[in-house]
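Everything in the sequence shown is counted per our numbering, starting at 114 for the first residue and increasing by one. Everything on this sheet refers to the single structure shown next.
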Amino acid sequence: MKGVWNRILRVDLTKKKITTEEVPDIVYEYFLGGPGLGHRFLYHEVPADVGPFDPGNRLIFATGIFHGIAQTGAGKWSVIARNPLSNINGEAAATGSFGITLKRTGYDAIIFQGKAEKPTYLWLTEDTAELRDASYLWGKDSYYTNDTLIKDIGEQGVQVACIGQGAERLVRYSCIGHENRSYASRTGMGAVMGSKNLKAVAVKGSKEVEYADPDRLAELNKEINKKVYESGVNMRTHGTAFAAVPFNERGNLPIKNWRLGSWDEGVKLIGAPRYTEYLQAKPWPCLYCTLGCHRKITYRWKGETITSVGPEYETFAMLGFNCMVDDLDAICKANDLANMYTLDTISLGSVLAWAMESYEKGVITKEDTEGLELTWGNAEAMVEMVRRIGLRETKLGWLLGEGVKRASEAIGKGSEAWAIQQKGNEIAAHDPRAAFVAGLAYCTDSSRGPCHERGNPQHLFIVNLVLPELGKPTAPPDERWSWKNAEVTTAIYQDWNNIVNSLGHCKFMFFANYTMTDILNTFNAATGLNWSMQQLRKAGERIYHLCRLLNIRYGITKKDDLAHPRRLLEEPKTTSESAYKLPTVEGITKAIEAYYKHRGMDENGVPTKEKLTELGLYPNVP
Numbered sequence: 114m115k116g117v118w119n120r121i122l123r124v125d126l127t128k129k130k131i132t133t134e135e136v137p138d139i140v141y142e143y144f145l146g147g148p149g150l151g152h153r154f155l156y157h158e159v160p161a162d163v164g165p166f167d168p169g170n171r172l173i174f175a176t177g178i179f180h181g182i183a184q185t186g187a188g189k190w191s192v193i194a195r196n197p198l199s200n201i202n203g204e205a206a207a208t209g210s211f212g213i214t215l216k217r218t219g220y221d222a223i224i225f226q227g228k229a230e231k232p233t234y235l236w237l238t239e240d241t242a243e244l245r246d247a248s249y250l251w252g253k254d255s256y257y258t259n260d261t262l263i264k265d266i267g268e269q270g271v272q273v274a275c276i277g278q279g280a281e282r283l284v285r286y287s288c289i290g291h292e293n294r295s296y297a298s299r300t301g302m303g304a305v306m307g308s309k310n311l312k313a314v315a316v317k318g319s320k321e322v323e324y325a326d327p328d329r330l331a332e333l334n335k336e337i338n339k340k341v342y343e344s345g346v347n348m349r350t351h352g353t354a355f356a357a358v359p360f361n362e363r364g365n366l367p368i369k370n371w372r373l374g375s376w377d378e379g380v381k382l383i384g385a386p387r388y389t390e391y392l393q394a395k396p397w398p399c400l401y402c403t404l405g406c407h408r409k410i411t412y413r414w415k416g417e418t419i420t421s422v423g424p425e426y427e428t429f430a431m432l433g434f435n436c437m438v439d440d441l442d443a444i445c446k447a448n449d450l451a452n453m454y455t456l457d458t459i460s461l462g463s464v465l466a467w468a469m470e471s472y473e474k475g476v477i478t479k480e481d482t483e484g485l486e487l488t489w490g491n492a493e494a495m496v497e498m499v500r501r502i503g504l505r506e507t508k509l510g511w512l513l514g515e516g517v518k519r520a521s522e523a524i525g526k527g528s529e530a531w532a533i534q535q536k537g538n539e540i541a542a543h544d545p546r547a548a549f550v551a552g553l554a555y556c557t558d559s560s561r562g563p564c565h566e567r568g569n570p571q572h573l574f575i576v577n578l579v580l581p582e583l584g585k586p587t588a589p590p591d592e593r594w595s596w597k598n599a600e601v602t603t604a605i606y607q608d609w610n611n612i613v614n615s616l617g618h619c620k621f622m623f624f625a626n627y628t629m630t631d632i633l634n635t636f637n638a639a640t641g642l643n644w645s646m647q648q649l650r651k652a653g654e655r656i657y658h659l660c661r662l663l664n665i666r667y668g669i670t671k672k673d674d675l676a677h678p679r680r681l682l683e684e685p686k687t688t689s690e691s692a693y694k695l696p697t698v699e700g701i702t703k704a705i706e707a708y709y710k711h712r713g714m715d716e717n718g719v720p721t722k723e724k725l726t727e728l729g730l731y732p733n734v735p
């Protein structure tokens, strides 16, 4: 099989031992690469009695088949481990040049295990793999670490993935930073990295991956890059800030801890076009990308003018709309601090909104906040709490670093009711009341818990993201606020996510006329396998069920799938298109049961022996 090295690097941090391992073709044919590959190793190597912060947990940096192809979007790399927020599967992804450069060292993945006796970083090239002392970087933020390592190594083409103080201090939703602008954010992969005393991974490589039909790939790249460039004007102009206005109209925004249906004034101040104009935002594209969703911005904070990376939709939605903060400068400052400390801004915004509602209701007091007025819209208080969380300062700052589930359980007094999470993972910034299928996807996602990036069928209705090759050529109006075909639609979009993520591609290209036919054609030209669309879909389905098996091992049951936040099922929005549209507990329960049947699971959500045999996962996972 072409497009892969059939080789991974193993790093035992405890023993200071580095080895190389060959991986057979069947593993890639079954699980593609990226998160699919990572979850496969997690399945074989991390049993139920190994916790997220145990040295025996694995931390896996994985690339995809598309890394090395000069195609727009072909740069999504993944990190996989058992996650500390929910104790189940964990997975995060980032863009940028790190994954491409890692692939060019001659490895498809790095698997870390153990714990270093002191702060350490890995230096990896096509000729060298060595562990180096990172004590002088411990306690430093991710911006400083990235820039200092590149300077100290002193070679052209070095790419770094690293953690900041939040991950060192084991904030459970801390993440991993790259290029001071791209973050493998969700499910606490940074905390796992910090628990291993691993400060950074620095890579440099120039090996060219061998592909089956490079001439055909060149043709496809030229055609696809041009098409995406011409179709992606809105994203290239405004980045993800373009989404604020339509999402507000459609009731998809999280506002005031998911209590309000819309916020017209806030959207005018935070979203495009003001975001673009006020912050002087310009595209900051990843390697090969013709879309350029990242923004380079200039903002002002306490008399200082700062140039940095702009907040993405999920960030300004959770730190802005969800906390009722309409001050763009404050949102940008909070985003900068989160990036420096390496904190996932979705979880961060969720836990801050929970704290603000708790403060409003007297559950958290001014004594608890040590004098901070943690009121809705208090921009300076929000920024200060980000600092306290990232550095684990004050009792409340430390507690909020545990995530909203643990924080609400510790505080009690009914505050669990407004802790918007499922399976311990904070809900992403897309409201199931705007499209019921989003709730079903949150309940049944198997790769990391409720997530907009591993199962996002709401995009079919919110932004008309159709997938005709997989069975969704249109967005039927009668399916948006009903459970009609919800199990079919949800499974399609979950499998699609597994395919695209595991190949190492960015799904934003699908907002610019990119298609699954483009994916299939690129895959076949790269690998030489000549697969059908059905075979590719089967790989996505196989990855889904592998992750489901992992989560069952880690204790997930039907009860956990059913435990969706009641606010998102029973409390109506009163404005926007989604006003008074309620999924209801009864509705989602029936939808989950229909989903189990459609997926080939029993009534408890366990994949049947027949389904696992069909997928080649029984009696043994390759």
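Cβ coordinates follow ideal geometry from the N, Cα and C atoms, glycine included. Note that this is a predicted model, so its numbers are computed, not measured.
Start and end residues, alpha helix (DSSP H) containing residue i
i	result
Asn338	Pro327 to Ser344
Lys710	Val698 to Arg712
Cys822	The structure shown does not extend to residue 822, since the chain spans only 114 to 735, so no value can be given for it.
Tyr657	Met646 to Arg666
Val613	Ala599 to Leu616
Lys446	Leu441 to Tyr454
Ile139	Asp138 to Phe144
Asp631	Met629 to Thr640
Neighbourhood of residue i by C-beta distance below 6 Å, restricted to the same chain and skipping five residues each side
i	result
Asp449	Ser421
Asn538	Leu198, Ser199, Gly562 and Pro563
Met646	Glu582 and Leu633
Asn293	Tyr256 and Asn259
Lys620	Val613
Leu382	Asp439
Pro396	Arg349 and Gly405
Ala599	Val550, Leu553 and Ala704
Trp414	Asp442 and Lys446
Val631	Sequence inspection shows Asp at residue 631; the Val mentioned does not correspond to that position. Excluding positions up to five away in sequence, the list reads Ile337.
Pro570	Val550, Ala554, Thr602, Thr603 and Tyr606
Nonlocal neighbours in the same chain, by C-beta distance under 8 Å from residue i, ignoring five residues either side
i	result
Gly568	Ala554, Tyr555, Thr557, Asp558, Thr603, Tyr606, Gln607 and Asn610
His152	Phe144, Ile193, Asn202, Glu204, Ser560, Ile656, Leu659, Cys660 and Leu663
Lys128	Gly227
Contact under 8 Å by Cβ, residue i with residue j
i	j	result
Ala547	Asn733	no
Ile738	Ile193	Residue coverage of the chain in this structure runs from 114 to 735, which leaves residue 738 outside it and unanswerable.
Tyr286	Gly307	no
Leu504	Thr482	no
Tyr234	Leu262	yes
Pro148	Ser615	yes
Ile182	Gly146	no
Lys189	Thr208	yes
Ala315	Val271	yes
Glu425	Ile459	no
Ala222	Thr176	yes
Leu126	Gln226	yes
Lys320	Thr214	no
Coil, strand or helix - residue i by DSSP
i	result
Arg153	helix
Val163	coil
Ala194	strand
Tyr296	strand
Asn259	helix
Glu582	helix
Phe174	strand
Thr726	helix
His677	coil
Tyr234	strand
Asn577	coil
Arg349	helix
Leu461	helix
Asn361	helix
Residue range of the unbroken beta strand (DSSP E) whose run includes residue i
i	result
Arg120	Arg120 to Asp125
Ala542	Segment: none, Ala542 is in no beta strand (DSSP E) and carries neither H nor E.
Contacts around residue i, its chain only, beta-carbon distance under 7 Å, and the 5 residues preceding and following it disregarded
i	result
Gly384	Ala354, Ala357 and Val358
Asp254	Gly277, Gln278, Met453 and Tyr454
Ala430	Leu366, Pro367 and Ala542
Any non-hydrogen atom of the ligand FMN closer than 7 Å to residue i Cβ
i	result
Asp631	In terms of ligand content, the structure shown is empty, and the ligand FMN therefore cannot be addressed.
Whole-angstrom C-beta distance between residue j and residue i, which should lie under 8 Å
i	j	result
Asp457	Cys288	5 Å
Cys436	Ala466	5 Å
Ala280	Ala304	6 Å
Lys536	Ile669	7 Å
is_contact[residue i, chain D] using C-beta, thresh 8 Å
i	result
Pro367	Among the protein chains of the structure shown there is no chain D, as only one such chain exists.
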